[in-house]
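Please read the structure below before turning to the comments.
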Amino acid sequence: MRSIYKFLPCVTALLITAGVVAQGVDQAKSNLRKQKWDKAYGQLRKAMTKDSLNTTAAYVMAEYFFTPANPAHQLDSAYRYVQHSLVDFQKTTAKQRERLKRFPLDSLVLIRLRQQIDSAAFARARTVHTEQAYVEFIAHFTTAQQREEASGLRDEVAYQDALLQNTHPAFAAYLDRYPQSARAREARTRYDRLFFESATRDQRLASYEIFLKDHPDTPHRREAEQNIFQLSTAAGSIESYENFLRSYPQSAYAGRARNILFHLLPEEQREGKFKGDSLRAVIDLEHNYLVPFLHAGQFGFMDKDGHEIIPAGMDELANDYRCGNVTDDVLVLPHNVVALNGAIIANEPALSVDDIGAGFLLMEKEGCATVIHKTGFAVGDGCMDDAKILNGKLLALKKDNGWSTWTLTGRQLMPNAWDEIHALKDVIVLKKQSAFTLVTIDHIAACAEQQQPVNGSEYQEVKPWPGDKIAVVTTEGPGVVDQSLHNYIRPARQTLTPAYFGATITNESGTRTVNATGETSPTFRRVIVQDPWTAVHDGMAWRLFAPATMTHQSPAFDSVTFAGPFALGMKKDSLRIYFSPRRYITLPQPLRTEFVPGQDSSSFLMVEQGDKKTIYNRAGQKLFTTPLEKIQYAGEGFFVVHKREKKGLLSSDGKPVLPTEYDAIGSVSHGVVSLLKATKFGLFDCRRKKLIAPGYSKNLVPYNDKVVVAYKNGAYGFVAWDGKPLDAIEFSEVRYWNDTAAFVKKGGQWMVYEIAGKQVLLDKVSTYKLIQDRPGEKLAIVQRDRHYGVINSRKGTVIPMTFSDIINVGSPGEPLYFTEKHVEEASIFVVIYYTAMGKMLRKEVYEQDDYDRIYCPDN
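Per mature numbering (1 follows the signal peptide of the UniProt record, and there is no 0), the sequence shown runs over residues -22 to -1, 1 to 837.
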């Protein structure tokens, strides 16, 4: 009992203390309502100091800091105290919670206050609307319902900040902080673009190549490859396209590179470059042709093997195509422009298409002309006035009366600011008004990479000069530059003349020579140039001079003349004849020389001394000496010589071949020469020494080694080399067919006549037309008794003579026959296409109207 009394004072003290604390919180709340801020704050601090576990004090303190009118208003503190109150509340007993309800205070009240604080904090963050404001809200107000919305706003305002900076580091930092944001994809896109632009801002080839090497998976790979493709091939050389294909065989632009390269390569090089490539089909078609056909009222095209290349689908067809043998690699059809292999180049109608070279076309449409490659890609900006290729390496496009230059890949190099543009090999001539500017293709390409304007040297006149050089005129006078635009001959007041070795320069002091390397000779008083010789006069004497080595080739002469390729130096009583700088002869005067031209590359010099005439060949070899009056070269090592009014024939060693008794002797051809004597014609075989004595009215023509066609008494016939006729001379015309048979005409009809057997192999031929005329083989369409067929000089009948008409719609080298049989009773036309070997390819049946549409009357 005594112990209980001892405990009662303690309990009483605690109750008194609790009551005092509770009273202090109540007073603080009252003062808070009265806006006695300092007094309320002091009471709350005192209450919380006396009792650290004081739910009501923490709650009222939260209200204190949350009240907007309070100068000490602070949302972060309000949130901290309401959280503190909630924690304290969780620690209270059921009995304590009952007492707290009388305050009144429970968990709902606390949570409601916290939500109000959260909302106010979120509103504050939205008012500030910065990334940091949202970051702080999310960090401090961990239970706020607006956290997700705040995260979205944080991401958005951070994205807008990055947009303002618009640098790849800004977007990289954004992605590091917010990889899952709604703007992450856009940020990644902008980062990739800005990083690509930053890494390649100088727009040089090396920068694009390094970027692609370091970032092979970049989304801008195609753009990087495009720039590499355009810059590395800007000069347009074949090698540049080959190098690109070696370095980037899997590039998105490898196909276009191959297409351009294909059309730049000479035809003979294409097969080796494109084995197994899709362009192989194009190569095969280059040796092919297309033939039109008509099926179900629609036109199409097939190749020489009968394969349909362009299916039937056209209502009309230009007359140029109806006769077949279409070898143009571009076809202008009613609704599109198509390649020879059937690939569509432009899926729109065109009025005309001009092939400007290097695989490019100038396609004219209604009111517009565009430049398009044969593989389908376009170059240039909109409609053009004109276009041309510059040395197979660049494009010149004319628009609004101004010319510009473009790469073959479609990159503009120079603006359309020039009145005229043309190429002198690898130098581009730019004309504006009356001034000319010269720039090299390589320089233009380099300026494109460096983003610099194209600067060149200006001239008053420009024109081609031999050796791929360029003649120019400046204010200083005429000059010559090379392909690198270096001075070959510096402009000055002078007269320039091209020469086989380079040029001559003449001014008031005299004349100098300039060789191919630009080396200049001393000044001479006079210079005479006749390829391969140059004669110079130094004021004292004439000499032969070699501009290539700047050395004299002869001693001094009184005069120098030329006879064809021979140089003649005269001095007092002697003449030196130069056949080459090291081959010459010296002869005493008097004598006369005469150049004897050959019928090919040969040439001769005749030297007459007294009554003797000596012939020397180009090498200086003495061939023969003769006393005859005149000498002419007849060809193939034979010479016609004259004696009075008659002519004979000598061999190259001067031996007589024919006596000088003929009125005329022709040129030797294939060892045979025509003769004329007393108005009659004969023939002589120089190799076999066989003579058909003159006795015929026209020139005799060898038919084969054993037979000659002769004309006598108004008719043709065949004679042997002994001069005897092989049969009656009775034909009005003779034409070669093969070694053993000829086409001969008699009584208005042709026949195939076997010469040796004197037999008619084919008669009653009213007309025939050769469609193949090779030395060893001939092919003819023959009409016999109103029927047509095809015969071959080696193989005989190819197409039997049973058709109403036959036309070759193929090529002469590889025919394809359009044959027709007219069935009059049914008023239909049966058309069958045959190959050169007589194999049937296609059969169609037409009525009159459709037959007229497909028939070509011009073949």
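All C-beta atoms, glycine included, are put in the ideal place defined by N, C-alpha and C.
Its chain contains Leu553 as the residues whose beta carbon lies nearer than 6 Å to that of Leu565, once the 5 sequence neighbours on both sides are disregarded; these appear in chain order. Annotation: Ser579 is outside any beta strand (DSSP E) and is labelled neither H nor E by DSSP. Between the C-alpha atoms of Met815 and Met779 there is a straight-line separation of about 15 Å. Checking the DSSP bridge columns, you'll see Ser645 has no partner listed.
Here the stretch 598 to 611 lies against the stretch 622 to 642, with 3 or more beta-carbon pairs under 8 Å apart. Ranked by Cα distance from Asp741, the first of Ala720, Gly754, Pro194 is Ala720. Per DSSP, Gly455 lies in no alpha helix (DSSP H) segment; the continuous beta strand (DSSP E) that holds it begins and ends at 455 to 459.
In summary, Ser159 is buried, with 16 or more beta-carbon neighbours lying within 10 Å of its beta-carbon over all protein chains present. Between Asp705 and Gly695, the C-beta spacing is below 9 Å.
Contact check for Val492 against Thr482 passes: the beta carbons are separated by less than 9 Å.
Following the DSSP letters along the chain, one finds Pro147 inside the alpha helix (DSSP H) bounded by residues 146 to 155. Nearest to Ala50 by alpha-carbon distance, out of Asp16, Arg80, Lys658, Gln74, is Asp16. Per DSSP, reduced to three states, the secondary structure at Cys425 is helical. Taking C-alpha positions only, Thr501 is separated from Phe582 by approximately 34 Å.
When DSSP states are grouped into helix, strand and coil, His62 belongs to the helix group. For the pair of segments examined, the stretch 422 to 442 was found to touch the stretch 394 to 414: the number of CB pairs separated by less than 8 Å reaches three. The stretch 229 to 240 and the stretch 368 to 384 do not touch, with fewer than three beta-carbon pairs separated by less than 8 Å. Two segments are said to touch when three or more pairs of C-beta atoms, one from each, lie closer than 8 Å; by this definition the stretch 174 to 187 touches the stretch 197 to 206. Per DSSP, the unbroken alpha helix (DSSP H) holding Ala177 starts and ends at 162 to 177.
Counting only runs of at least 4 residues, the stretch 10 to 78 fully encloses the following alpha helix (DSSP H) elements, listed from N- to C-terminal order: 15 to 28, 33 to 44, 53 to 69. A direct Cα-Cα distance of roughly 20 Å separates Gln93 from Arg132. The residues Glu825, Gln826, in chain order, have a CB closer than 8 Å to that of Ser805 in the same chain once the five nearest residues on each side in sequence are set aside. The C-beta distance from Leu678 to Phe659 rounds to 6 Å, short enough to fall under 8 Å. Boundaries of the beta strand (DSSP E) around Ile322: 322 to 324.
The Cβ-Cβ distance between Ala324 and Thr353 does not fall below 9 Å. In this structure, Ala494 places its C-beta atom within 9 Å of the C-beta atom of Gly480. Straight through space, the alpha carbons of Arg389 and Ser487 are spaced by roughly 51 Å. Proximity of the stretch 30 to 49 to the stretch 59 to 78 meets the contact definition, three or more beta-carbon pairs being nearer than 8 Å. Listed as beta-bridge partners of Ser629 by DSSP are Phe616.
For Gln94, the enclosing alpha helix (DSSP H) begins and ends at 85 to 106. The beta carbon of Asp170 lies closer than 7 Å to those of Thr196, Pro197, His198 in the same chain, with the five residues before and after it left out. Annotated as proximal: Asn716 and Ser771, with beta-carbon spacing under 9 Å. It is roughly 30 Å from the alpha-carbon of Ala688 to the alpha-carbon of Ile609. Apart from sequence neighbours up to five positions away, the residues of its chain that approach Leu757 with a beta-carbon distance below 6 Å are Ile749, Gln750, Asn770, ordered along the chain. Phe240 carries a helical assignment under DSSP once its states are collapsed to helix, strand and coil.
Proximity of the stretch 201 to 221 to the stretch 386 to 400 meets the contact definition, three or more beta-carbon pairs being nearer than 8 Å.
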